[in-house]
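Encoded as structure tokens, the structure appears first; notes follow it.
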Amino acid sequence: MLQAISDYKSRKKSIFEISNDLECGKNTVRMWIKSFDFQGETALVESNKKDFK
26 MLQAISDYKS
36 RKKSIFEISN
46 DLECGKNTVR
56 MWIKSFDFQG
66 ETALVESNKK
76 DFK
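Per our numbering, the sequence shown runs over residues 26 to 78.
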């Protein structure tokens, strides 16, 4: 998932392509990117733990 976010940041992939790759919704990808932007990597890891319980 961090790879997906770095792909988006470097403009290699759009949100739509990432959501297809990860088989999740575009809103979920946007949420990851926002949480990554505002809180950094640790917040992203924490949100992952919640999502996959």
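Beta carbons are placed, not taken as given, at the ideal position from N, Cα and C, and that holds for glycine.
Same chain, Cβ closer than 6 angstroms to residue i, neighbours up to 5 away in sequence not counted
i            : result
aspartate 32 : Lys38
Residues near residue i by beta carbon distance below 7 angstroms, same chain, minus five either side
i                : result
phenylalanine 41 : Lys51
arginine 55      : Ile40
Simplified DSSP assignment, three categories, for residue i
i           : result
arginine 55 : helix
serine 35   : coil
Close Cβ partners of residue i (< 8 angstroms) along its chain, the five nearest in sequence each way excluded
i            : result
aspartate 46 : Ala29 and Lys38
Residue i - containing alpha helix (DSSP H), residue span
i         : result
serine 44 : 40 to 47
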